[in-house]
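Asks:
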Amino acid sequence: MKKFFLLALLIGFPSPLLADSTSGYKKMDSCLVDGDYNIKYILAKKENSNSKKWGTYVCKNNVNCWTYSSGKWLSKGVSYDEANDQYEKLCGN
16 MKKFFLLALL IGFPSPLLAD STSGYKKMDS CLVDGDYNIK YILAKKENSN SKKWGTYVCK
76 NNVNCWTYSS GKWLSKGVSY DEANDQYEKL CGN
């Protein structure tokens, strides 16, 4: 009985339990840094068009890493300048 309860609980979650959710943010730009792990950095903006909150997200190169929230936020809810500076440094721009 416990197994069925846990299975039903896990199926009810659209994203992994331990990942940082990307909900409410829109991907604006991304870059792939070559290396052993092919790390992907994403510059994201809060979806509300009037919002001035931005963030930088990182994950292994996975086609759906943003969709399935399989990475983590390096910064979230910060100014554009702060998020973009971090993004450009990480991408080597």
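First residue of the sequence shown: 16, per this note's numbering; consecutive thereafter. Ideal Cβ positions, reconstructed from N, Cα and C, are used throughout, including at glycine. In this text the structure is predicted, and so the values were computed from the model without any measurement.
So for Tyr40, helix, strand or coil by DSSP?
Replies: Stepping through the sequence shown from its first residue, residue 40 is reached at position 25. The answer is strand: DSSP assigns Tyr40 an E or B state.
Asks: So for Tyr52, helix, strand or coil by DSSP?
Replies: Locating residue 52 in the sequence shown gives position 37, where the first residue counts as 1. Here Tyr52 sits in coil by DSSP.
Asks: Given this structure, state the Cα-to-Cα distance separating Thr82 from Thr37, to the nearest angstrom.
Replies: Within the sequence shown, the letter at position 67 stands for residue 82. Within the sequence shown, the letter at position 22 stands for residue 37. The alpha-carbon of Thr82 is positioned some 8 Å away from that of Thr37.
Asks: Just to confirm my understanding: we take Lys68, look at its own chain, exclude 5 residues before and 5 after, and list those with CB closer than 6 Å. What are they?
Replies: Position 53 of the sequence shown, counted from the start, is the residue given in the question as residue 68. Same-chain partners within the cutoff: Lys61 and Gly92.
Asks: Determine the burial state of Ser66: buried for a count of at least 16 other Cβ atoms within 10 Å of its Cβ, exposed for fewer.
Replies: Your numbering for residue 66 matches position 51 in the sequence shown. Looking at its Cβ environment, which holds fewer than 16 other Cβ atoms inside 10 Å, Ser66 is exposed.
Asks: DSSP three-state label for Ile26, please.
Replies: Walking along the sequence shown from the start, residue 26 turns up at place 11. Interpretation of Ile26 is limited by its pLDDT of 43, a score under 50 that renders its predicted location unreliable; no figure is taken from the coordinates.
Asks: How would you label Lys55, buried or exposed, when you count the other beta carbons within 10 angstroms and need 16 or more for buried?
Replies: Working through the sequence shown from its first residue, we reach residue 55 at position 40. By the neighbour-count rule (16 or more Cβ atoms within 10 Å), Lys55 is buried.
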